[in-house]
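Participant: Numbering of the sequence shown is given in UniProt numbering, commencing with residue 1 and proceeding in unit increments.
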Amino acid sequence: RVHDHTTGRFVRGYNMLTLGWSDGFSFAPIDFVMLSSAKLANRFCEMKETLSKRTQGFKRRMEAFSRKPDAVVELLKRAIQAGFAADFVLMDSWFTQAPLLRNLMSQGLHVIGMVKDMKQRYVQSDKLLTLKELYQALPRSTKSDVLGSVLVHTPCGLALRLVFVQNRNCRREWLVILSTDIELSDTEIVRIYGMRWSIETFFKFTKSHLKLGTEFQGRSFDSLVCHTTIVFSRYLLLEWERRTNQDARSLGGLFFLFADEVRELDFKSALQQVVAFFLELSQTKTKREKSTLISQVQQWIAGLPSYIKVLLADISCES
Numbered sequence: 001r002v003h004d005h006t007t008g009r010f011v012r013g014y015n016m017l018t019l020g021w022s023d024g025f026s027f028a029p030i031d032f033v034m035l036s037s038a039k040l041a042n043r044f045c046e047m048k049e050t051l052s053k054r055t056q057g058f059k060r061r062m063e064a065f066s067r068k069p070d071a072v073v074e075l076l077k078r079a080i081q082a083g084f085a086a087d088f089v090l091m092d093s094w095f096t097q098a099p100l101l102r103n104l105m106s107q108g109l110h111v112i113g114m115v116k117d118m119k120q121r122y123v124q125s126d127k128l129l130t131l132k133e134l135y136q137a138l139p140r141s142t143k144s145d146v147l148g149s150v151l152v153h154t155p156c157g158l159a160l161r162l163v164f165v166q167n168r169n170c171r172r173e174w175l176v177i178l179s180t181d182i183e184l185s186d187t188e189i190v191r192i193y194g195m196r197w198s199i200e201t202f203f204k205f206t207k208s209h210l211k212l213g214t215e216f217q218g219r220s221f222d223s224l225v226c227h228t229t230i231v232f233s234r235y236l237l238l239e240w241e242r243r244t245n246q247d248a249r250s251l252g253g254l255f256f257l258f259a260d261e262v263r264e265l266d267f268k269s270a271l272q273q274v275v276a277f278f279l280e281l282s283q284t285k286t287k288r289e290k291s292t293l294i295s296q297v298q299q300w301i302a303g304l305p306s307y308i309k310v311l312l313a314d315i316s317c318e319s
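#1: So for residue 223, helix, strand or coil by DSSP?
#2: Starting from the C-beta of residue 239, find all residues in its chain whose C-beta is less than 7 Å away, skip the five residues before and the five after it, and write them out in chain order.
#3: Quick test of your reading: residue 124 and residue 152, contact by CB under 8 Å. State the CB separation rounded to the nearest angstrom.
#4: For residue 324, name the three-state secondary structure that DSSP assigns.
#5: For a test of the three-state rule: what should DSSP assign to residue 82, helix, strand or coil?
#6: Let me confirm a value: residue 85 is counted as buried when at least 16 other C-beta atoms fall within 10 Å, else exposed. Which label applies?
#7: Quick check: the Cα distance between residue 55 and residue 126, rounded to an integer number of angstroms?
#8: Is it buried or exposed for residue 202, if we count other Cβ within 10 angstroms and need 16 for buried?
#9: Can you say whether residue 64 is buried or exposed, counting buried as having 16 or more other CB atoms within 10 angstroms of its CB?
#10: Report the three-state DSSP secondary structure of residue 13 (helix, strand or coil).
#11: Can you tell me which of 49, 197, 99 and 219 puts its alpha carbon nearest to the alpha carbon of residue 154?
#12: Using only alpha-carbon positions, find the residue among 172, 185 and 167 that is nearest to residue 161.
#13: Since residue 134 contacts residue 117 with CB under 8 Å, what's their CB separation in whole angstroms?
#14: CA-CA distance, residue 291 and residue 242?
#15: Under DSSP, the beta strand (DSSP E) around residue 32 begins and ends at which residues?
#16: Alpha carbon to alpha carbon, how far is residue 279 from residue 210?
#17: Residue 103 and residue 150 look like a contact to me (Cβ under 8 Å); what is the Cβ gap, rounded to whole Å?
#18: Pick out the complete alpha helix (DSSP H) segments inside the segment 120-157, 4 residues or longer, and give them in chain order.
#19: In this structure, how does DSSP classify residue 300 when only helix, strand and coil are distinguished?
#20: Using the rule of at least 16 other Cβ atoms within 10 Å of the residue's Cβ for burial, across every protein chain shown, is residue 194 buried or exposed?
#21: Relative to the alpha-carbon of residue 320, which residue among 205, 217, 59 and 222 has its alpha-carbon at the smallest distance?
#22: Assuming residue 95 and residue 113 make a contact with CB atoms under 8 Å, what is their CB distance in whole Å?
#23: Whole angstroms are fine: how far does the CA of residue 107 sit from the CA of residue 220?
#24: Helix, strand or coil: how does DSSP classify residue 187 here?
#25: Apart from the five residues just before and just after residue 225, which ones in its own chain have a Cβ nearer than 7 Å to its Cβ?
#26: In terms of residue numbering, what span does the alpha helix (DSSP H) encompassing residue 321 cover?
#27: For residue 101, which residues of its own chain have a beta-carbon under 7 Å away from its beta-carbon, when the five flanking residues on both sides are left out?
#28: Can the beta-carbon of residue 199 be found less than 8 Å from the beta-carbon of residue 18?
#29: Since residue 89 and residue 109 are thought to touch, with beta carbons under 8 Å apart, how far apart are those beta carbons, to the nearest angstrom?
Here it is, written out as structure tokens:
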């Protein structure tokens, strides 16, 4: 049995820890681990002693006894060994603890995640401060949801950028997003962290439509792993279909051809096309309307800065 943080009660089952990859449009589940409890009193069915230690089933069962931070590290190691790459590891507030951050940074992985307002302290100007104390020192600004950021260090010396944002559900409250890449801007950190929402929609979809956790129930650990793998495979097929039909980036060379065409339409050409459109429009008007329209275009051009007038030198307005 495991503890359900939503209800605050113990339930029979496993905690599923999922690793996924996302580019902001698509989400692909990569790996998962079923976490049990390391306490013998919370386990109702032990694995058979005759189970070979060389099998994947034995390795999966031993992995179920690991702590969540250790399971995160193992999931990322397997993903990297399989050839997956990512710019950032996004996680919620359950995992943004200094030991795990230091472990991932040692492997060259930057982390962006939500931070809980707990008893942890951060070093700023040789002072140990809480999140509340850091927030109180920020310049007050209500013009944006991003309230500001501070550069701090953990007591172990890890450099972090803490971004304070407005809680949209309660305007009087604030949230904190942590980034180990201190070169990123506040808005970029918030934008990247927003990609983590795709895993929440993934959980909602798999539970509601692909029957994750409800299509099969049993006491066989191997069957639970197989069921979860099948559900993830179904989702990958649906996500591939959605990306193929709805994401312009999946059109390959055609997408880059259109992108280059748009890029070649520079500011000068766009401005000349606008003026040419008005001149062409004037040809369909009466003589009086044509004179008025051209006069207005000439007045508009006369009021433009000199460096823009130079761009319109090839276009003349004649009445």
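Glycine is no exception: its CB is placed at the ideal position from the N, C-alpha and C atoms.
Facilitator: Quick look at the numbers:
#1: Counted from its first residue, the sequence shown places residue 223 at position 223. Residue state, collapsed to three classes: helix.
#2: Numbered from its first residue, the sequence shown carries residue 239 at position 239. 26, 27 and 28, listed in sequence order.
#3: On the sequence shown, residue 124 is found 124 positions in, with the first residue counted as 1. On the sequence shown, residue 152 is found 152 positions in, with the first residue counted as 1. Yes, residue 124 and residue 152 are in contact; Cβ-Cβ is about 5 Å, under 8 Å.
#4: Past the boundaries of the shown model lies residue 324; the chain is included only from 1 to 319, so the question cannot be answered.
#5: Taking the first residue of the sequence shown as 1, we reach residue 82 at position 82. In the structure shown, residue 82 sits in coil (DSSP, three-state: anything other than H, G, I, E or B).
#6: Locating residue 85 in the sequence shown gives position 85, where the first residue counts as 1. Exposed, since its Cβ has fewer than 16 Cβ neighbours within 10 Å.
#7: By 1-based counting over the sequence shown, the position of residue 55 is 55. By 1-based counting over the sequence shown, the position of residue 126 is 126. Taking the straight line joining both Cα atoms gives about 52 Å.
#8: Indexing the sequence shown from 1 puts residue 202 at position 202. Per the 10 Å Cβ criterion, buried.
#9: The count along the sequence shown starts at 1 and reaches residue 64 at position 64. Counting Cβ neighbours within 10 Å, residue 64 comes out buried, since at least 16 surround it.
#10: Position 13 of the sequence shown, counted from the first residue, corresponds to residue 13. Reduced to three states, the DSSP call for residue 13 is coil.
#11: Working through the sequence shown from its first residue, we reach residue 154 at position 154. Ranking the options by Cα distance to residue 154, first place goes to 99.
#12: The count along the sequence shown starts at 1 and reaches residue 161 at position 161. Measuring from the Cα of residue 161, the nearest candidate turns out to be 185.
#13: What you label residue 134 is simply residue 134 of the sequence shown in a count that begins at 1. What you label residue 117 is simply residue 117 of the sequence shown in a count that begins at 1. About 10 Å separates the two Cβ atoms, so there is no contact after all.
#14: For this step, residue 291 is matched to residue 291 along the sequence shown. For this step, residue 242 is matched to residue 242 along the sequence shown. Taking the straight line from one Cα to the other gives about 53 Å.
#15: Position 32 of the sequence shown, counting from 1, holds the residue named residue 32. First-last of the beta strand (DSSP E) with residue 32: 27-35.
#16: For the purposes of this step, residue 279 is identified with residue 279 of the sequence shown, where counting begins at 1. For the purposes of this step, residue 210 is identified with residue 210 of the sequence shown, where counting begins at 1. For residue 279 and residue 210, the distance between alpha carbons rounds to 59 Å.
#17: For the purposes of this step, residue 103 is taken as the residue at position 103 of the sequence shown. For the purposes of this step, residue 150 is taken as the residue at position 150 of the sequence shown. That belief does not hold up - the Cβ atoms of residue 103 and residue 150 are roughly 24 Å apart, past 8 Å.
#18: 131-136
#19: For this step, residue 300 is matched to residue 300 along the sequence shown. DSSP places residue 300 in helix when its eight states are reduced to three.
#20: The residue you call residue 194 lines up with position 194 of the sequence shown. Classification of residue 194: exposed, given that the 10 Å Cβ count is below 16.
#21: With the chain running from 1 to 319 in the structure shown, residue 320 is simply not present.
#22: If you number the sequence shown from 1, residue 95 lands on position 95. If you number the sequence shown from 1, residue 113 lands on position 113. Indeed they touch by this definition, with Cβ atoms about 6 Å apart.
#23: Sequence index remark: in the sequence shown, residue 220 carries index 220 (1-based). Sequence index remark: in the sequence shown, residue 107 carries index 107 (1-based). Distance between the alpha carbons of residue 220 and residue 107 is about 35 Å.
#24: Residue numbering aside, residue 187 sits at position 187 when the sequence shown is read from its first letter. Residue state, collapsed to three classes: helix.
#25: The residue given as residue 225 occupies position 225 in the sequence shown. Cβ neighbours of residue 225 beyond the five flanking positions: 34 and 60.
#26: Residue 321 is absent from the model: the chain starts at 1 and stops at 319.
#27: Along the sequence shown, read from residue 1 onward, the residue named residue 101 stands at position 101. Contacts found: 111, 158 and 180.
#28: Numbered from 1 along the sequence shown, position 199 holds the residue referred to as residue 199. Numbered from 1 along the sequence shown, position 18 holds the residue referred to as residue 18. Against a cut-off of 8 Å, the Cβ pair of residue 18 and residue 199 comes out as a contact.
#29: Residue mapping note: residue 89 aligns to position 89 of the sequence shown, counting from 1. Residue mapping note: residue 109 aligns to position 109 of the sequence shown, counting from 1. Yes, they are in contact, since the Cβ atoms of residue 89 and residue 109 sit about 5 Å apart, within 8 Å.
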